[in-house]
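Structure record follows, encoded as structure tokens.
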Amino acid sequence: MLGIDTNVLVRLLIRDDAEQFARAQELIKRESDAKRPVLISLLVLVETEWVLRSRYKLSKRDILATLDRLLNSRDVCFEDESTVVGAVFIWPDAPVQLADCLIGLRYRELRCRGTGSFDAGALELPWFVSI
21 MLGIDTNVLV RLLIRDDAEQ FARAQELIKR ESDAKRPVLI SLLVLVETEW VLRSRYKLSK
81 RDILATLDRL LNSRDVCFED ESTVVGAVFI WPDAPVQLAD CLIGLRYREL RCRGTGSFDA
141 GALELPWFVS I
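In terms of the numbering used here, the sequence shown opens at residue 21 and continues consecutively.
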């Protein structure tokens, strides 16, 4: 298995640099042909969402559609995929960023009794607690 960096994932999704897109696409094809899905870590996922939102001005809806395509791809897999699926399910109606959804769900997966926070939006989610 091979993990990829945010810049590789963003090139695959945005296609704003033809040469890098072709190289990233070839990497995915090579790994897929060898029956080795490419791994997307939680850190790369969070950073990618931030880049798509802040640099490329994609809407939440467009980012969700992109994440849905990635989750349904056989060519990539995610670190802690159940947490990613849960966060993507919750995020559309959540008053927080995707990162907050991932943080709270990841702590829940780690058997924490909650996630302490000052973030008013996060505190609306059931697994966050005010401190």
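Don't be surprised by glycine CBs; every beta carbon is placed ideally from N, CA and C.
Quiz prompt | CA nearest to the CA of S102, picked from W111, L65, K55, E129 | solution = Looking at the Cα atoms, E129 is the closest of the given residues.
Practice problem: Pull up the distance between the alpha-carbon of V116 and that of G141, whole angstroms please. | Solution: Distance from the CA of V116 to the CA of G141, rounded to the nearest whole angstrom, comes to 6 Å.
Exercise. Mark R31 as exposed unless 16 or more other C-beta atoms lie within 10 angstroms of its C-beta, in which case mark it buried.
Key: Buried, since its Cβ has 16 or more Cβ neighbours within 10 Å.
Exercise. Under 8 Å Cβ to Cβ from E39, same chain only, skipping five residues before and after it: list those, please.
Key: Excluding the 5 residues flanking it on each side, E39 has no same chain C-beta neighbour closer than 8 Å.
Quiz item: What's the call for I151, buried or exposed, on a 16-neighbour Cβ count within 10 Å?
Solution: I151 is exposed by the Cβ-count criterion.
Quiz item: In chain order, what residues of the same chain lie with their CB nearer than 6 Å to the CB of S52, ignoring the 5 residues before and after it?
Solution: These residues qualify, in order along the chain: D95.
Quiz item: Looking at the unbroken beta strand (DSSP E) that takes in I60, where does it start and where does it end?
Solution: That run of the beta strand (DSSP E) goes 58-60.
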